[in-house]
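Participant:
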Amino acid sequence: MKLTVKLLDIANRGVLLHSTDARNMRVRDGDRVLVADEATGKTAQAHVDTTGSLIEPGVIGVYRPLNATLAVDEGTVVVVRSAERPASLRHIKKKMDGGRFTKDETVDIVRDIVDDILSPGEITAYVTASYINGLDMDEVEYLTRATVETGERLHFTRHPIVDKHSIGGVPGNKITLLIAPIIAASGLLIPKTSSRAITGAGGTADLMEVLAPVSFTATEVQQMTEKVGGVIVWGGATNIAPADDKIITYEYPLRIDARGQMIASVMAKKFAVGADLVVIDIPVGRNTKIPDPQEGRKLAREFIEIGERLGMRVECALSYGESLVGHTIGPNLEVREALAVLEGATEPSSLVQKSLSLSGIALEMAGKAAQGQGYQAAAELLRSGKALEKMRQIIEIQGGDPTVKAEDIVPGEYRFDVRAPQDGYVIELNNSALVTLARLAGSPYDHGAGLEIHAKKGTRVKKGDPIFTIYAEREWRLERAIEVGRTLMPVVVEGMVLERIPHERWV
Ligand SMILES: O=P(O)(O)OC[C@H]1O[C@H](OP(=O)(O)O)[C@H](O)[C@@H]1O
Ligand SMILES: O=c1cc[nH]c(=O)[nH]1
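The opening residue of the sequence shown carries number 2 in our numbering; numbering runs sequentially from there.
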C-alpha cells in the first residue's frame, strides 16, 4: 500500500498506521511491516502501532529510529506491506522448548536485538527462555562472539590489557572505583566498561556517574585509556557489545541474570576491549546470584574456559556475598565510601580487603607483583596516594571535577533510622531485602537514595540503636521504603522474630 510519511519523534523502531489502512493490509498492533522508499531503494522493518485519531488514512507515522535507516522526508510516499516474523523468533521458541541454539541462530537473535527488530517483549522472552533452560558452553561461546561482532572493538598496541568484572549480585559492590585506579596507577591499562544495575541498586556505571560522565564512544574509551591508563565508563553508551546493554535492560525489571547470558555478557565486554588478562569476581552466598560455592567454582571454570576459547587469560575469585560490601548501598553513599578509602580511610575492611585482593590478583597476572605479593603491591599503591591521584586523572579526563572530596558527596535529605527493637546480636542482613528497600528509596536513579548499614552481622545492639538508615531525595519514596521495610525487615536481631516471610514485593 502507498502511504505518505509523517515523521514522529518516538524512540522505538516503529510506525503508526491508521486502523483502516492496517485492516486493509491485514496487520495488527505488534505485527511487522516492511517500509520501502522506491526512490532510494531503502527498506526497513518496523513494529506497527495503530490509531484511529492521530493520523489520517493514507498517512504513515514513521518513528525516529526507523527513519535513521530509511532517511525519508516528511511527505514522501512509501510502499508498505506486511512482513513475516523474523527467524529469530523461531529460535527463541526453540529454546523455550529446551532446544539448543546453533551458531547462526545465535547470530540472528543478537543481530535482531541490536537492530531493534525484536520488540521488548520478544527480548524478554529470549532472556526468560535462556534463564529457564540455560545455555551450554558452545551456546555461550556463540553468544559471546556474536555479542562482540555486532559492535565495535578496541585495539591497543600496548599490552597487556588488564580488565576485571564482577558478576554482581552483592549489594554495595563499589570495588571497581578502587580497583580501576589501583591497576592504572601500577602502569597497566584498564579500559573498564561497566553496566548499570542488573539485580542490584546501583551498577558501577550508576556509581561512576556521580563523579563524571560515563557515556563515551569506543574511540574515546581507547584514547582516554591510552592517556591516563584507565577509565570507568558505561558499556551501554559505547557501541561495544551493544546487545549486552539492551538485554540487561530487560533483565533489570525481573531482577534476573540468566547464567549463560551472564557469562557471555561479561566475556564479550572483556574481549571487545581487547583484554589479555581478566579477573572475575564471583560473589557467593545466600541472596546472591550464586548461593552455593560449588556452583561458584563451576561458574569460575566456565569463565576460564570461555576465556581460553577467546584467547584471554582469566582468573576468578569467589568472594563473600553473604552481606553487602562496605556499609553503603546507593550511588552517592557508595561513591562517598569508596572515595574516602582512596583518600586514606582504612575502613570498611570488607571493601578495602576485597578491592586489594582482586587488584592483587591482576597485578600478579600482569607480572607487576610476584606471586603472593599482589595484595601488598596494591595496598602500597593505595596507601601512597597513587591510586587517588590516578582516580582524579580518570575523573578529569571523563569530564568530572578532579578536586571532589568524599565529604562533598552527600545522600538525600530525607532519612529514617531503623532501630533495634531489643538488645541482641545482628544475625542476618538480607541482601535481597536491602536492595528492595534501596530501589524503593529511589536508587540508582536518585543518586542520593540508598541505605547506610550501622550494624553488620555479629554486631551487638541495644534496644533503640540504629541498625541502618534509609536515605531518599523524595519524601514519598522514603515513606514507601519505610512501609515496605516494616514487612521485609532485612535485619534479624537474635531472639526477635523480625524476619517475617511476606510474599516478596518486586520493584
Ligand atoms: O546489579 P548487579 O546484578 O549486582 O551487577 C551488576 C554490576 O556488576 C558489574 O560491576 P563491575 O563492572 O564489575 O564493576 C556490572 O558492570 C554491574 O555494574
Ligand atoms: O556485566 C554484567 C554483570 C553481570 N551480569 C551480566 O550479564 N553482565
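Ideal Cβ placement from N, Cα and C applies to all residues, glycine included.
Note that the structure is predicted; figures quoted are calculated from it, not measured.
Cα-Cα, which of H19, E150, G312 and L311 is closest to P559?
Facilitator: Absent from the structure is residue 559, since the part of the chain shown begins at 2 and ends at 508.
Participant: Compare the Cα-Cα distances from G286 to each of M268, L325 and R302 and report the closest residue.
Facilitator: For the purposes of this step, residue 286 is taken as residue 285 along the sequence shown, with counting starting at 1. It is L325.
Participant: Quick check: does the Cβ of S131 come within less than 7 Å of any heavy atom belonging to ligand 2?
Facilitator: Within the sequence shown, the letter at position 130 stands for residue 131. Not so, every heavy atom of ligand 2 lies at least 7 Å from the Cβ.
Participant: Would the beta-carbon of G236 fall within 8 Å of that of T200?
Facilitator: Taking the first residue of the sequence shown as position 1, residue 236 is located at position 235. Taking the first residue of the sequence shown as position 1, residue 200 is located at position 199. Taking 8 Å as the Cβ cut-off, G236 and T200 do not qualify as a contacting pair.
Participant: Kindly indicate which three-state DSSP category P254 falls into: helix, strand or coil?
Facilitator: Numbered from 1 along the sequence shown, position 253 holds the residue referred to as residue 254. Of the three classes helix, strand and coil, the one that applies to P254 here is coil, per DSSP.
Participant: Is V222 a contact residue of ligand 2, with contact defined as CB to any heavy atom under 7 Å?
Facilitator: Here residue 222 is taken as the residue at index 221 of the sequence shown, counted from 1. No - ligand 2 has no heavy atom lying nearer than 7 Å to the Cβ of V222.
Participant: Hey, would you say the C-beta of S195 is under 7 Å away from at least one heavy atom of ligand 1?
Facilitator: The residue you call residue 195 lines up with position 194 of the sequence shown. Yes - ligand 1 has a heavy atom lying nearer than 7 Å to the Cβ of S195.
Participant: With DSSP collapsed to three states, give me the class of G368.
Facilitator: For the purposes of this step, residue 368 is taken as the residue at position 367 of the sequence shown. Coil.
Participant: Three-state secondary structure (DSSP) at R461?
Facilitator: In the sequence shown, residue 461 corresponds to position 460, counting from 1. In the structure shown, R461 sits in a strand (DSSP, three-state: E or B).
Participant: Could you check the C-alpha separation between G345 and A380 for me, to the nearest Å?
Facilitator: Taking the first residue of the sequence shown as 1, we reach residue 345 at position 344. Taking the first residue of the sequence shown as 1, we reach residue 380 at position 379. Distance between the alpha carbons of G345 and A380: 11 Å.
Participant: Here's the rule: buried if 16 or more other CB atoms are within 10 angstroms of the residue's CB, otherwise exposed. What is N25?
Facilitator: For this step, residue 25 is matched to residue 24 along the sequence shown. Exposed.
Participant: Quick one: residues in its chain with C-beta nearer than 7 Å to the C-beta of E397, no 5 flanking neighbours on either side, listed in chain order?
Facilitator: Here residue 397 corresponds to residue number 396 of the sequence shown, with the count starting at 1. Here the set comprises P403.
Participant: Identify whether S433 lies in helix, strand or coil by the three-state DSSP scheme.
Facilitator: Within the sequence shown, numbered from 1, the residue matching residue 433 stands at position 432. Correct three-state label for S433: helix.
Participant: Across the segment 181–194 and the segment 432–452, are there enough close Cβ pairs to call them in contact, namely three or more that are closer than 8 Å?
Facilitator: In short, these stretches do not touch, since the Cβ pair count stays below three.
Participant: Ligand 2 heavy atoms versus the CB of G99: any closer than 7 Å?
Facilitator: Against the sequence shown, residue 99 aligns to sequence position 98. G99 Cβ: outside cutoff for every heavy atom of ligand 2.
Participant: If you measure between the beta carbons of L382 and S187, is that distance less than 8 Å?
Facilitator: Sequence index remark: in the sequence shown, residue 382 carries index 381 (1-based). Sequence index remark: in the sequence shown, residue 187 carries index 186 (1-based). Contact flag set, yes.
Participant: Where I180 and N333 are concerned, what is the direct C-alpha to C-alpha distance, given to the nearest angstrom?
Facilitator: Walking along the sequence shown from the start, residue 180 turns up at place 179. Walking along the sequence shown from the start, residue 333 turns up at place 332. Cα to Cα, the separation comes out at about 18 Å.
Participant: State the start and end residues of the unbroken alpha helix (DSSP H) segment that holds A147.
Facilitator: By one-based count along the sequence shown, residue 147 stands at place 146. Unbroken alpha helix (DSSP H) run through A147: M138 to E150.
Participant: I'd like to confirm something about S216: is its beta-carbon nearer than 7 Å to some heavy atom of ligand 3, or not?
Facilitator: In terms of ligand content, the structure shown lacks ligand 3 and carries ligand 1 and ligand 2 instead.
Participant: Restricting to Cα atoms, I'd like to know which of G459, I468, V411 and A421 is closest to H448.
Facilitator: On the sequence shown, residue 448 is found 447 positions in, with the first residue counted as 1. Nearest C-alpha to H448: V411.
Participant: Going along the chain, which unbroken runs of the alpha helix (DSSP H) with 4 or more residues stay wholly within the segment 92–134?
Facilitator: Those alpha helix (DSSP H) runs which fall completely within the segment 92–134 and span 4+ residues are 104–115 and 121–134.
Participant: Check whether the Cβ of S320 lies closer than 7 Å to any heavy atom of ligand 2, and answer yes or no.
Facilitator: By 1-based counting over the sequence shown, the position of residue 320 is 319. Answer for S320: no, Cβ out of range of ligand 2.
Participant: Just to confirm, are P121 and A367 a CB contact at a threshold of 8 Å?
Facilitator: Counting from 1 along the sequence shown, the entry for residue 121 is found at position 120. Counting from 1 along the sequence shown, the entry for residue 367 is found at position 366. Not in contact: P121 and A367 (Cβ atoms no closer than 8 Å).
Participant: From this set, K391, L452, P422 and T460, which residue's C-alpha is nearest I184's C-alpha?
Facilitator: The residue labelled residue 184 in the question sits at position 183 within the sequence shown. Checked all of K391, L452, P422 and T460; the closest Cα to I184 is K391.
Participant: Between which two residues does the beta strand (DSSP E) containing R154 stretch?
Facilitator: For the purposes of this step, residue 154 is taken as residue 153 along the sequence shown, with counting starting at 1. Segment: none, R154 is in no beta strand (DSSP E) and carries neither H nor E.
Participant: Does the Cβ-Cβ distance between K271 and M209 come in under 8 Å?
Facilitator: Reading the sequence shown from its first residue, position 270 is the one you call residue 271. Reading the sequence shown from its first residue, position 208 is the one you call residue 209. Not closer than 8 Å, so no.
Participant: Specify the secondary structure class of Y446 as computed by DSSP and reduced to three states.
Facilitator: Counting from 1 along the sequence shown, the entry for residue 446 is found at position 445. It is coil, neither helix nor strand.
Participant: Are T5 and G76 close, meaning C-beta to C-beta below 8 Å?
Facilitator: Indexing the sequence shown from 1 puts residue 5 at position 4. Indexing the sequence shown from 1 puts residue 76 at position 75. Going by C-beta atoms, T5 is nearer than 8 Å to G76.
Participant: Determine the DSSP secondary structure at Q46, reduced to helix, strand or coil.
Facilitator: As a working mapping, residue 46 is identified with position 45 in the sequence shown. Strand, per DSSP.
Participant: Using only the heavy atoms of ligand 1, determine whether one of them is closer than 7 Å to the beta carbon of S167.
Facilitator: For the purposes of this step, residue 167 is taken as residue 166 along the sequence shown, with counting starting at 1. True, at least one ligand heavy atom lies under 7 Å from that Cβ.
Participant: Would you kindly work out how many angstroms separate the C-alpha atoms of V315 and T148, rounded to a whole number?
Facilitator: Counted from its first residue, the sequence shown places residue 315 at position 314. Counted from its first residue, the sequence shown places residue 148 at position 147. Each residue's alpha carbon lies about 19 Å from the other.
Participant: Which residue's Cα is closest to the Cα of L212: L67, F157, T250 and L340?
Facilitator: Here the question's residue 212 lines up with position 211 in the sequence shown. When only C-alpha atoms are compared, the closest one is L340.
Participant: If you drop the 5 nearest sequence neighbours on each side, which residues of the same chain put their C-beta closer than 8 Å to that of V34?
Facilitator: Looking up residue 34 in the sequence shown gives position 33. Counting only Cβ-Cβ distances below 8 Å, and skipping sequence neighbours, we find V16, L18, M26, V28, Q46, A47, V49, V81, R82, S83 and A84.
Participant: Do I199 and ligand 1 come close, with the Cβ less than 7 Å from some heavy atom?
Facilitator: If you number the sequence shown from 1, residue 199 lands on position 198. Answer for I199: yes, Cβ within range of ligand 1.
Participant: Does DSSP put R287 in a helix, a strand or coil?
Facilitator: For the purposes of this step, residue 287 is identified with residue 286 of the sequence shown, where counting begins at 1. It is coil, neither helix nor strand.
Participant: Roughly how many angstroms separate the alpha carbons of A238 and L364, rounded to a whole number?
Facilitator: Taking the sequence shown and counting its residues from 1, the one referred to as residue 238 is at position 237. Taking the sequence shown and counting its residues from 1, the one referred to as residue 364 is at position 363. Computed Cα separation, rounded: 28 Å.
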